[in-house]
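If you're matching positions, the sequence shown starts at 136 in our numbering and goes up one per residue. Using N, Cα and C, we set each Cβ at its ideal position, and we do this for glycine too. The next block holds one structure in the form of structure tokens; read it before the comments.
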Amino acid sequence: MNKLTISTEDSALLERKPLSQKVLIWRSLKRNKLALVGIVVIFALYLTSFGAPLFTSYDPTEMKPRERLDPPCARHLLGTDSFGRDVLTRIFYGGRVSLSVGIAAVAILTTIGVLLGAIAGYYGGVVDTAIMRFVDVMLSVPNFFLLLTVVALFGPSLRNTMFVIGFTSWMGTTRLVRAQFLSERNKDYVTSARCMGASQGRIILRHVLPNSMAVIIVYATLWIAFSVILEASLSYLGLGAQPPTPSWGNMLREGRRYMREAWWVTTFPGLFIFITAMSFNMLGDGLRDALDPRLQNR
Numbered sequence: 136m137n138k139l140t141i142s143t144e145d146s147a148l149l150e151r152k153p154l155s156q157k158v159l160i161w162r163s164l165k166r167n168k169l170a171l172v173g174i175v176v177i178f179a180l181y182l183t184s185f186g187a188p189l190f191t192s193y194d195p196t197e198m199k200p201r202e203r204l205d206p207p208c209a210r211h212l213l214g215t216d217s218f219g220r221d222v223l224t225r226i227f228y229g230g231r232v233s234l235s236v237g238i239a240a241v242a243i244l245t246t247i248g249v250l251l252g253a254i255a256g257y258y259g260g261v262v263d264t265a266i267m268r269f270v271d272v273m274l275s276v277p278n279f280f281l282l283l284t285v286v287a288l289f290g291p292s293l294r295n296t297m298f299v300i301g302f303t304s305w306m307g308t309t310r311l312v313r314a315q316f317l318s319e320r321n322k323d324y325v326t327s328a329r330c331m332g333a334s335q336g337r338i339i340l341r342h343v344l345p346n347s348m349a350v351i352i353v354y355a356t357l358w359i360a361f362s363v364i365l366e367a368s369l370s371y372l373g374l375g376a377q378p379p380t381p382s383w384g385n386m387l388r389e390g391r392r393y394m395r396e397a398w399w400v401t402t403f404p405g406l407f408i409f410i411t412a413m414s415f416n417m418l419g420d421g422l423r424d425a426l427d428p429r430l431q432n433r
């Protein structure tokens, strides 16, 4: 009787453990150079913003009239503004506001959007119709004008900016999650869970939602970039963080009068807004590819 012979290479392949989902995602993410650049830049932005005292010795609110509108030099790498304050220092501290608002606002809108989208997509029927008609009504109002209206009613402040962006921007997440739940709710694993007696809440939280997280994560990452831009827009209009608290938006607002004689006052805050938004967008694109199982083995 012939014995089945297995080569050393084939034996190693048989003994090799299957790679975990986290490892596959990280490998796919590492192949995306733009996503890695985005991760590095985002890490650097958070490090310099929340660790600002480690990178600058200037006070972001201290006024020095004698150094008013100094151009970039060895003493002030990005120059000073119309009050003699160091622009680089204010950019570092202003990053705390913009990045914090972005994260907090996205946490709020994602929570609301996932909750309503999951209920609408899983239960369907009258519940789905009622929720989606309300979403349609909210979407019929231009988002930025809705933001302006709410901020005007409740007053400008950093906390209000976070809540306003979060509570007026959840509709897209709701529609996305609803579509994902409609696609998942009739699959075999959901039917099996029902046959085993799992409750509706357990099926949603333990089965359908984890299989929808990839889309939610990507969408939330992209929304952070948009929230940073929205915060800068509100602050530019005087409806966001209030002086003397620095933010990238109110730095643009304060420097718009000196764009010809002191270009650095507005150029560098605007450049940081652009870099931040681009970095989150590149990370979001990388996560989209990494979390798509069809592309992980490409």
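Contact check, residue i vs residue j, beta carbons under 8 Å
i	j	result
W305	G375	no
V286	N295	yes
L222	F403	Per the sequence presented here, residue 222 reads as Val, with Leu not at that position. Yes, the pair counts as a contact, with Cβ atoms nearer than the cut-off.
A240	G301	yes
T183	L293	no
L317	T356	no
I338	A349	no
L282	T303	yes
L204	A360	no
Nearest residue (CA-CA) to residue i, options the options
i	options	result
I352	R201, G219 and V312	V312
P200	S382, D216, H211 and M386	D216
R225	G390, R395, L422 and R162	G390
I238	L422, W358, L251 and W383	W358
A187	D205, Y228, V400 and L204	Y228
Q315	A412, G332 and Y257	Y257
S362	R392, F280, T411 and V325	T411
W399	I174, C208, T326 and L288	C208
L250	V236, S235, M267 and L234	M267
L365	V325, I160, S235 and L169	S235
P384	A397, L369 and R395	At residue 384 the sequence reads Gly, which differs from the Pro that was named. The shortest Cα separation from G384 among A397, L369 and R395 belongs to L369.
A255	R395, M394, F218 and R320	R320
F280	L372, F190 and I160	L372
Whole-angstrom distance between residue j and residue i, CA atom to CA atom
i	j	result
V232	K322	43 Å
V272	A367	26 Å
L149	L406	Because the pLDDT of L149 is 42, which lies under 50, any placement of that residue in the model is unreliable, and the question is left without a value.
D420	V176	15 Å
S414	L180	10 Å
T134	H211	Summary: the structure shown does not reach residue 134, with the chain confined to residues 136 through 433, and so no result is reported for it.
Y193	R162	41 Å
Y354	T308	8 Å
N416	F409	11 Å
C330	V343	15 Å
R166	T246	31 Å
V158	G290	47 Å
D424	A253	24 Å
L164	P206	40 Å
G219	M297	29 Å
Q377	V299	16 Å
V325	N346	11 Å
F190	I160	34 Å
L244	E202	43 Å
T284	A242	22 Å
F185	V262	43 Å
G260	G332	22 Å
T401	M394	7 Å
A435	S382	The requested residue 435 does not occur in the structure, where the chain is confined to residues 136 to 433.
N-terminal and C-terminal residue of the alpha helix (DSSP H) that residue i is part of
i	result
P188	A187 to F190
F403	W399 to A425
A255	V222 to Y258
L282	N278 to F289
G307	M306 to E319
T296	L293 to F302
V350	L344 to Y371
R388	W383 to G390
R329	D323 to C330
With 16 other Cβ atoms within 10 Å as the buried cut-off, status of residue i
i	result
L387	buried
G214	buried
R341	exposed
G230	buried
R310	buried
T264	exposed
R392	exposed
L422	buried
L426	buried
S334	exposed
V270	buried
R429	In this predicted model, R429 has a pLDDT of only 49, less than 50, meaning its place in the structure is not dependable; the value taken from the coordinates is given anyway. So R429 counts as exposed.
Closer than 7 Å: residue i CB and nearest the ligand FAD heavy atom
i	result
S184	As for the ligand FAD, it is missing from this structure, which has no ligand bound.
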